[in-house]
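In our numbering, the protein residues as written are 5 to 255. From the three backbone atoms N, C-alpha and C, an ideal C-beta is built for every residue, glycine too. Before any comments, here is the structure.
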């Protein structure tokens with residue numbers, strides 16, 4: 005329940021001033037002892053708090069999700085979620101879990117609130133875990149996503165066969181490992197902003213994705229921004245904000 009809902013509930017007599025005061029007092033954050041849940045993040049940023057699951061126990065993730073669910077939150081996003089945590093949550097909550105990207109979503113629902121389509125374009129199948137982290141995150145935040153996978157520069161005709169889809173996107177997330185050349189190719193073809201994601205995919209001299217990162221930072225194509233290695237989540241958040249800048253909502 006957001007601030008306006010609380011105020012309207014008091015106005016309509018559905019909530020007493022004392023109940024409203026308690027709601028507002030507890031809304032900024034909720035202290036569970038091991039974590040302080042930022043319930044006001046959606047009011048400040050338009051996106052509710054996301055749970056980084058990699059270093060949390062299954063019980064901690066469950067506790068956070070239950071607290072957010074109690075507040076009425078949908079699309080509770082957990083990134084880098086381990087299978088044992090997913091197994092526990094599925095016993096207690098409505099959880100969607102993708103083992104490839106390790107993304108979990110509690111109370112999953114979708115409403116298109118963006119200005120257009122976000123295209124997630126990948127160099128190869130090995131990049132797909134990062135791609136799906138980006139795609140699922142973008143969907144959680146109200147974006148239609150077009151997945152265009154395995155169209156790397158080793159077979160450029162594959163990308164050209166989907167060029168209409170790429171060029172019609174409002175924002176493009178380009179994901180590639182190895183030398184990361186896909187980003188410069190895509191960036192040189194489109195007028196939309198490109199969010200580049202280097203991945204740690206590659207042979208020894210790629211240095212765990214550093215070679216792709218440096219090549220993307222040195223891209224000769226204009227209009228390209230780069231996030232950190234394997235950071236599909238961060239790319240999706242940035243792409244989503246760009247895709248909502250028009251301010252209109254789709255019916």
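Item	Value
Determine the DSSP secondary structure at residue 81, reduced to helix, strand or coil.	strand
What is the DSSP secondary structure of residue 102, counted as helix, strand or coil?	strand
Three or more C-beta pairs closer than 8 Å, one from the stretch 195-211 and one from the stretch 149-166: is that the case here?	no
Is the stretch 18-32 in contact with the stretch 219-230, if contact means three or more CB pairs nearer than 8 Å?	no
Could you check the C-alpha separation between residue 102 and residue 178 for me, to the nearest Å?	21 Å
Using a Cβ-Cβ cut-off of 6 Å (strictly less than) and excluding sequence neighbours within five positions of residue 141, which residues of its own chain qualify?	237 and 240
Hey, is residue 16's beta-carbon within less than 9 Å of any beta-carbon in chain B?	Chain labels in this structure do not include chain B; a single protein chain is all it has.
According to DSSP, residue 126 sits in a beta bridge with which residue or residues?	179
May I ask you to verify whether the stretch 116-128 touches the stretch 147-155, counting CB pairs closer than 8 Å and requiring at least 3?	yes
Can you tell me where the alpha helix (DSSP H) with residue 133 in it begins and where it stops?	132-144
Take residue 108 as the anchor and find which of 88, 7, 114 and 83 has the nearest alpha-carbon.	83
Using the DSSP secondary-structure output, state which residues sit across from residue 150 in a beta bridge.	123
Per DSSP, what kind of secondary structure is residue 107 in: helix, strand or coil?	strand
Tell me which residue opens and which closes the beta strand (DSSP E) that residue 200 is part of.	198-202
If the criterion is Cβ atoms closer than 9 Å, does the pair residue 135 and residue 188 meet it?	no
Does the distance from the C-beta atom of residue 248 to that of residue 77 stay below 9 Å?	no
So what does DSSP say about residue 227, is it helix, strand or coil?	coil
Would you give the residue range spanned by the alpha helix (DSSP H) that residue 36 belongs to?	Counting along the chain, residue 36 falls outside any alpha helix (DSSP H), and DSSP gives it neither H nor E.
Look up residue 246 in the DSSP assignment and say whether it is helix, strand or coil.	helix
Looking only at its chain, what residues have a beta carbon closer than 6 Å to the beta carbon of residue 231, apart from the 5 residues adjacent to it on each side?	201, 238 and 239
Could you pull the DSSP bridge partners for residue 55 from this structure?	82
By the three-class DSSP mapping on this structure, what secondary structure does residue 193 have?	coil
In this structure, does DSSP put residue 277 in helix, strand or coil?	This structure gives no information on residue 277, because the portion of the chain shown stretches from 5 to 255.
In angstroms with no decimal places, state the Cα-to-Cα distance between residue 209 and residue 215.	8 Å
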